[in-house]
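Enquirer:
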Amino acid sequence: MPIYDQAYKPWEGQLLPNPKAWWVIAKTGIRLMWQKWVIVLLVFSSFPFAVRGVQIYLMNRVGDSSQLGDFTDKLEINPGFFEGFLKGQTFLFLLILAIIGAGLIANDRRFKALQIYFSKPLSFWDYVGGKMLVLAFYSALITVVPAILLFIIQLLLSGDSTFLVDYYWIPFSILAIWMISVLVLGGLILTLSASVNNSAAAILFFAILMFSDIIRKILSRIPDVGLASIGADIQQVTAVLFGNPRPHDFSPYGAWIALLLVVGICLLILRLRLRPTEVVK
Amino acid sequence: MIALFPFFLKNWLRSNKLFWAAGLGLFPVLLTVLLQFASPILANHDIELFRLYPQISFFVYLHLLLPILAVLTGVSIINEEVEDQTLSYLVVRPIPKWKIVLAKSAVYFSVVGAVVALSLFLSFTILNIQLGFEGWLDASSKLLQGLGVLLLGLLAYLTFFGCLGAWLKKPVLTGLLFAFGWENLVAYFPGNVKYLTIVHYLHSLFPTFYRTKASGILGLIPIKFTLANGWASFFTLVLMSAAFLALTCLALYVKEYKMEQT
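Chains S and D, in that order, are what the protein sequence lines are.
Residue 0 is where the first sequence starts when you use numbering that gives the first Met the number 0, and the numbers rise one by one after that.
Residue 0 is where the second sequence starts when you use numbering that gives the first Met the number 0, and the numbers rise one by one after that.
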């Protein structure tokens with residue numbers, strides 16, 4: 000009489016990875032997050048873009064005739080202009096990251112969806128990459144897209160190719176800064192989202208960023224303390240990429256290392272927190 | 000009302016909010032402990048620890064810990080009952096709704112206030128440890144004054160965020176936008192717009208005030224910045240708190256909460 004093994008039989012075939020798995024996660028995340036309040040935030044974040052657009056128009060029309068006096072230097076369209084624009088968008092960038100990113104993993108944990116995700120042929124990198132792409136998409140709408148549009152407006156209004164010849168590299172710097180910011184700050188919010196609940200992740204995200212910056216301010220006499228501030232590190236790297244004077248006295252190499260360290264720690268924590276529950280070995 | 004206070008207090012202490020509040024309150028204390036350990040290095044840069052207290056109390060407590068604790072806890076005064084779907088059980092009891100709001104707010108204020116007070120006391124003591132007991136006692140007037148302002152600020156922020164939690168669907172988003180966007184930006188503006196912030200009145204009452212110079216185009220504009228009168232600030236904050244509490248109570252009477260189906 001045959002004796003049957005009544006235990007759970009795992010899949011014994013080969014698990015083939017789906018190269019587009021991360022895209023499905025990203026697409027779903029982007030669609031789910033496209034809500035009224037996000038649109039309001041995006042509209043709100045377009046005001047500085049409008050102001051900068053007017054600035055470009057003014058500078059191309061009356062900038063050279065020195066009618067603006069001392070303001071001319073401040074209004075000049077140069078790498079500092081684009082760096083200033085991105086700096087001005089920082090708060091909304093952080094807000095978008097905090098509000099969208101806080102729930103990305105926390106909600107999956109809350110509704111026990113991680114088990115369902117990882118029961119499919121989905122790797123850790125697919126999952127994190129997909130979630131990161133959601134953050135990249137929304138943050139691009141308030142940083143990269145308007146900044147590149149401003150660059151194009153300036154090109155169209157400048158009348159000659161001098162600006163393009165001198166500053167052709169600006170769009171690449173904008174893209175690089177956006178990618179670094181999303182990687183570092185997106186990694187941080189995803190890590191918090193994987194560790195605590197939705198609201199706490201958003202609040203802790205701001206707390207960590209502000210706390211590290213306050214330490215830098217309080218101990219401003221020791222320049223290297225600034226390395227502990229993620230915001231200051233990103234500012235330093237931004238200044239290097241735009242070829243502008245550095246806002247802080249610490250080494251930009253130190254800033255690069257500090258940012259890499261943050262990304263490394265975030266990935267390590269994410270790796271530990273995002274584990275599929277193994278039912279049968 | 001007196002019976003409600005221990006009930007909500009017990010609930011609060013059982014929840015993980017206490018853990019979060021205490022954890023956040025411990026942050027500045029850890030910072031001061033680290034600074035104490037690093038005091039020989041700081042001394043090489045002419046930094047004396049006890050001179051850092053005004054900056055730590057202003058930047059860490061007034062501008063970071065206070066709004067963060069208030070957002071974290073304040074928005075949940077009514078909102079947590081909606082999210083946990085327990086609001087209906089609460090309001091069907093033969094207790095006036097305003098008493099529920101007042102009792103919950105009082106519990107939140109007491110516990111978070113105690114966390115802030117303990118944290119500030121520890122930070123102040125660690126920073127002034129080298130001055131000895133007499134030096135600590137001499138400087139303690141700053142501690143008491145700062146603590147009083149922080150508690151008044153906590154009352155105003157808690158009631159404001161409580162009001163947001165009672166009326167809005169996404170109170171955390173609005174709370175963060177207000178605490179770190181509006182308050183940080185508008186409080187340093189010239190003209191009358193700064194009167195629409197809470198932090199302006201706290202600046203007027205706080206023993207120390209630091210202002211960073213505006214950069215870019217704003218830096219070129221000559222701005223004369225003035226703080227408000229002390230008593231006027233005090234009464235404005237008290238009135239604001241009362242108004243926000245009244246609005247939170249009103250929400251329970253007029254708003255129809257939709258409970259999410261799970």
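Glycine included, each C-beta is placed from N, C-alpha and C at the ideal position.
On the CB-based measure, 16 or more other CB atoms within 10 Å of its CB, does Leu217/D come out buried or exposed?
Expert: Confidence at Leu217/D is low in this model, with a pLDDT of 49, below 50, so its placement is unreliable and the value that follows should be read with caution. Leu217/D is exposed by the Cβ-count criterion.
Enquirer: Let's test the definition: count the other Cβ atoms within 10 Å of the Cβ of Leu155/S and tell me whether it reaches 16, buried, or not, exposed.
Expert: exposed
Enquirer: Exposed or buried, which one is Leu251/D when buried takes at least 16 other CB atoms within 10 Å?
Expert: buried
Enquirer: Does chain S have any CB closer than 8 Å to the CB of Phe58/D?
Expert: Look at Phe58/D: its C-beta is under 8 Å from a C-beta on chain S.
Enquirer: Pairs of beta-carbons, one from the region 200-210 of chain S and one from the region 80-96 of chain D, closer than 8 Å: are there three or more?
Expert: no
Enquirer: Threshold first: 4 residues or longer. Then list the alpha helix (DSSP H) segments lying entirely within the region 64-143 of chain D, N to C.
Expert: 65-73, 75-82, 86-90, 96-126
Enquirer: Contact between the region 94-114 of chain S and the region 192-202 of chain D: three or more CB pairs below 8 Å?
Expert: no
Enquirer: Using a Cβ-Cβ cut-off of 8 Å, state whether Ala201/S counts as contacting chain D.
Expert: Contact with chain D is found for Ala201/S, since one of that chain's Cβ atoms lies less than 8 Å from the residue's Cβ.
Enquirer: Name, going along the chain, the residues of the region 169-180 of chain D whose beta-carbon falls closer than 7 Å to a beta-carbon of chain S.
Expert: Lys169, Val171, Leu172, Leu175, Leu176, Phe179, Gly180
Enquirer: If we cut at 8 Å on Cβ distances, does Ile213/S have a partner in chain D?
Expert: yes
Enquirer: Kindly list, in the order they appear in chain S, the residues whose Cβ is closer than 9 Å to that of Val264/D.
Expert: No information on residue 264/D is available, as it lies outside the stretch 0 to 261 that chain D covers here.
Enquirer: For the region 148-175 of chain D, which segments carrying the alpha helix (DSSP H) assignment without a break, of at least 4 residues, lie completely within its bounds, in sequence order?
Expert: 170-175
Enquirer: Taking C-beta pairs closer than 9 Å, name the residues in chain D that Leu94/S reaches, listed in chain order.
Expert: Going along chain D in sequence order, the residues near Leu94/S (Cβ under 9 Å) are Leu172, Leu175, Leu176, Phe179, Gly180.
Enquirer: Does any residue of chain S have a CB that is nearer than 8 Å to the CB of Trp19/D?
Expert: yes
Enquirer: Buried or exposed for Pro27/D, please, with buried defined as at least 16 other CB atoms from any protein chain shown within 10 angstroms of its CB.
Expert: buried
Enquirer: Excluding sequence positions up to five away, which residues of its chain have a Cβ less than 7 Å from the Cβ of Val236/S?
Expert: So the qualifying residues of the chain are Ile179, Pro251, Ala254, Trp255, Leu258.
Enquirer: Should Pro9/S be labelled buried (16 or more other beta-carbon atoms within 10 Å of its own) or exposed?
Expert: exposed
Enquirer: Alpha carbon to alpha carbon, how far is Glu255/D from Tyr107/D?
Expert: 24 Å
Enquirer: Is the CB-CB distance between Ser270/D and Gly24/D below 8 Å?
Expert: Chain D is shown only over 0 to 261; residue 270/D falls outside these bounds and no answer can be derived.
Enquirer: Give the DSSP-derived three-state secondary structure of Phe208/D in the structure shown.
Expert: coil
Enquirer: Note down, in chain order, every chain S residue with its Cβ under 8 Å from the Cβ of Gln54/D.
Expert: Lys216, Ile217
Enquirer: Between Leu51/D and chain S, is any beta-carbon pair separated by less than 8 Å?
Expert: So yes, Leu51/D belongs to the interface.
Enquirer: So with CB distances below 9 Å, who are the chain S contacts of His44/D?
Expert: Leu218, Arg220, Ile221
Enquirer: Thinking Ser122/D and Ile40/D are a contact (beta carbons under 8 Å), I'd like their distance in whole angstroms, please.
Expert: Ser122/D to Ile40/D, Cβ: 19 Å. No contact.
Enquirer: Just verifying my parser: in three-state terms, what is the DSSP assignment at Trp21/S?
Expert: DSSP places Trp21/S in helix when its eight states are reduced to three.
Enquirer: Tell me the rounded alpha-carbon separation between Val42/S and Leu182/S.
Expert: Approximately 24 Å, taken between the alpha carbons.
Enquirer: Are the C-beta of Ile67/D and some C-beta of chain S separated by less than 8 Å?
Expert: yes
Enquirer: To the nearest whole angstrom, what separates the beta carbons of Phe48/S and Pro170/S, a pair I think is in contact under 8 Å?
Expert: About 16 Å separates the two Cβ atoms, so there is no contact after all.
Enquirer: Is the separation between the beta-carbon of Gly180/D and that of Phe92/S shorter than 8 Å?
Expert: The answer is no: Cβ separation not under 8 Å.
Enquirer: Less than 8 Å between the C-beta atoms of Thr247/D and Ile128/D, yes or no?
Expert: no
Enquirer: If you count every other CB in all the chains shown that lies within 10 Å of the CB of Arg215/S, and 16 or more means buried, which is it?
Expert: Classification of Arg215/S: buried, given that the 10 Å Cβ count is 16 or more.
Enquirer: Against Trp33/S, what residues of chain D qualify as contacts under a CB-to-CB distance less than 8 Å, listed in chain order?
Expert: Per Cβ cutoff of 8 Å: no residues; Trp33/S is ~15 Å from chain D at best.
Enquirer: Taking 8 Å as the cut-off, decide whether the C-beta atoms of Gly73/D and Gly190/D are in contact.
Expert: no
Enquirer: Does Ile179/S come within less than 8 Å of chain D when only Cβ atoms are used?
Expert: no
Enquirer: Alpha carbon to alpha carbon, how far is Leu249/D from Pro95/D?
Expert: 12 Å
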